[in-house]
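J.:
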Amino acid sequence: KTKQAGIMNFFTKK
Amino acid sequence: MFEARLGQATILKKILDAIKDLLNEATFDCSDSGIQLQAMDNSHVSLVSLTLRSDGFDKFRCDRNLSMGMNLGSMAKILKCANNEDNVTMKAQDNADTVTIMFESANQEKVSDYEMKLMNLDQEHLGIPETDFSCVVRMPAMEFARICRDLAQFSESVVICCTKEGVKFSASGDVGTANIKLAQTGSVDKEEEAVIIEMQEPVTLTFACRYLNAFTKATPLSTQVQLSMCADVPLVVEYAIKDLGHIRYYLAPKIED
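Protein sequences appear in the order of chains R and W.
Heads up: the first sequence is residues 44 to 57, going by the working numbering.
Heads up: the second sequence is residues 55 to 311, going by the working numbering.
#1: When DSSP labels each residue in this structure, what does I201(W) get in the three-state scheme?
#2: Can you find a C-beta in chain R that's less than 8 Å from the C-beta of I301(W)?
#3: Could you pull the DSSP bridge partners for I251(W) from this structure?
#4: Classify F316(W) as helix, strand or coil using the three-state DSSP reduction.
#5: If you draw a straight line from the C-alpha of V190(W) to the C-alpha of S282(W), how long is it?
#6: Buried or exposed for C116(W), please, with buried defined as at least 16 other CB atoms from any protein chain shown within 10 angstroms of its CB.
#7: DSSP beta-bridge partners for K113(W)?
#8: Chain R beta carbons: is any one of them nearer than 8 Å to that of S103(W)?
#9: What first and last residue would you give for the beta strand (DSSP E) that runs through S224(W)?
#10: How would you label N141(W), buried or exposed, when you count the other beta carbons within 10 angstroms and need 16 or more for buried?
#11: Can you check whether the C-beta of T260(W) is within less than 8 Å of a C-beta belonging to chain B?
#12: Please state the DSSP three-state secondary structure of A80(W).
#13: Which runs of the alpha helix (DSSP H) at least 4 residues long sit entirely within the stretch 92-176 of chain W? Give them in chain order.
#14: Please list the partners that L180(W) has in chain R, where partner means a Cβ-to-Cβ separation under 8 Å.
#15: On the three-state DSSP scale, how would you describe L275(W)?
This is the structure we're talking about:
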């Protein structure tokens, strides 16, 4: 079973 | 003063078609180097990054950096009023709260202009780290669109597995399992028909079909698409916009629960 990761887990806020 | 002119409204129509399913509104950041847009979709799973270089425009002037928040539904209504071959010019004064979009027919006999209200969007800009991708696949954009459409019938997710032999797209659901394998092309007459794989390490990643299908709305912009993959980082789906720039979509992977 997989779950969707969020994009902000990978990119940092500028 | 900001002014940007493109020879053909069709390019702007295609760009809008490529982003409006993912984004309701977006900020167009204008500077003397061109126009940039970066925005996450509503569910914060994907990120759209659009770059249009100033030298790709027929005319480009931007005296001061300008951020124009636009409702993309409104922009779509305006672009629907243009013929594909019309010239299109976007104009705004410094600190303006509206943008004017003007269409001129090739023979200059019909000129129309539309003034659109700008929005103040509080959008977060994300820093995208440099990544050494394990696999980079270049393939015909139409083929990628076809694969995403076909596999979406079988599952919400598609598994992309890239090895030196080729790239495999798989989907598994109630109906059964679907696998589509593409081998690297040997010699092709036309560059746009090639499948090219640059692999450092094999990689297998799972992604949501609905986002991949949304990205393929950019297919009319480019003959080829580039997929860049690395374990546990977002997929990058890139479409070049000839002589003007590119659109990149970043999609967070599905991970083991």
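By construction, the Cβ of each residue, glycine as well, lies at the ideal position given by its N, Cα and C atoms.
T.: Short version:
#1: DSSP places I201(W) within a helical segment (H, G or I) once states are collapsed to three.
#2: Closer than 8 Å: no.
#3: V191(W).
#4: This structure leaves residue 316(W) out entirely; chain W is present only between 55 and 311.
#5: If I take the Cα positions, the gap works out to 4 Å.
#6: It counts as buried.
#7: R59(W).
#8: S103(W) does not count as touching chain R.
#9: Note, S224(W): beta strand (DSSP E), 220-226.
#10: It counts as buried.
#11: Protein chains in the displayed structure are R and W, and chain B is not among them.
#12: Correct three-state label for A80(W): strand.
#13: Counting whole runs of 4 or more residues, the stretch 92-176 of chain W contains the alpha helix (DSSP H) stretches 126-133.
#14: Near L180(W) (Cβ distances below 8 Å), the residues of chain R are I50, M51, F54, T55, K56, K57.
#15: The answer is helix: DSSP assigns L275(W) an H, G or I state.
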